[in-house]
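Below you'll find the structure, written out as structure tokens, and then a few comments.
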Amino acid sequence: MRRFTFFTLLTLLAAHSFAAEPLYIQSIKAKLLTQPSFASAMIREIPKGEVVELIAQEQQWLKVRYQSHEGWLPKLVVGSAPPLDKKSLLDDTSQPLTSNARRRASESSATAAARGLRDEARARDSDAAQADFNALKRVDDSAVSDHEAQEFIENGNKP
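The opening position of the sequence shown corresponds to residue 750 in this note's numbering, with each subsequent residue numbered one higher.
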């Protein structure tokens, strides 16, 4: 009898540790489903950053409460901390990008000598390693918005 009481108490404590744990939606939109299966019906979509309350866990699925709805989410779309905002390192223009890019020839020679490079190898390596900060800025500026990502998810690559 004591064993049964002990295991019952242990089970209740374990269930309580999962209850009411806040989680944050990390994906652009998360589909709250009726069952722990991608084939099940969708209850509603939950936007990024919203808080859901953990009720139970079953392998890679979490049973959660969002507002007045209860349903299942895949573990991959939630996290224990709020999602981070996207930030670009190139937006900080307090220093020019090229301020630390230049080096004296003696520094390059010393580094090359330490690596065992000869003059012709050093010349080839320095030609191939030209930093193109304008190209990097263009790549960073071409980021995909959340709306464009969601549109791609829904429609694929159709025009």
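Even for Gly, the Cβ is constructed at its ideal location relative to N, Cα and C.
None of the values given here were measured: they were computed from a predicted structure.
### Query
Got a sec? Which residues, its chain only, sit under 6 Å from Asn904 by beta carbon, not counting five neighbours each side?
Excluding positions up to five away in sequence, the list is empty.
### Cβ neighbours of Lys812 in the same chain (closer than 6 Å, five flanking residues each side left out)
Ile804, Ala805 and Trp821
### Query
Straight-line CA distance for Trp810 to Pro785?
6 Å
### Message
In the DSSP output, what is Glu770 paired with across the bridge?
### Response
DSSP output for Glu770 lists Leu803 as bridge partner(s).
### Query
What is the rounded straight-line gap between the Cα of Ile902 and the Cα of Pro796?
15 Å
### Query
In whole angstroms, what separates the C-alpha of Lys907 from that of Ser894?
Between the alpha carbons of Lys907 and Ser894 lies a gap of roughly 17 Å.
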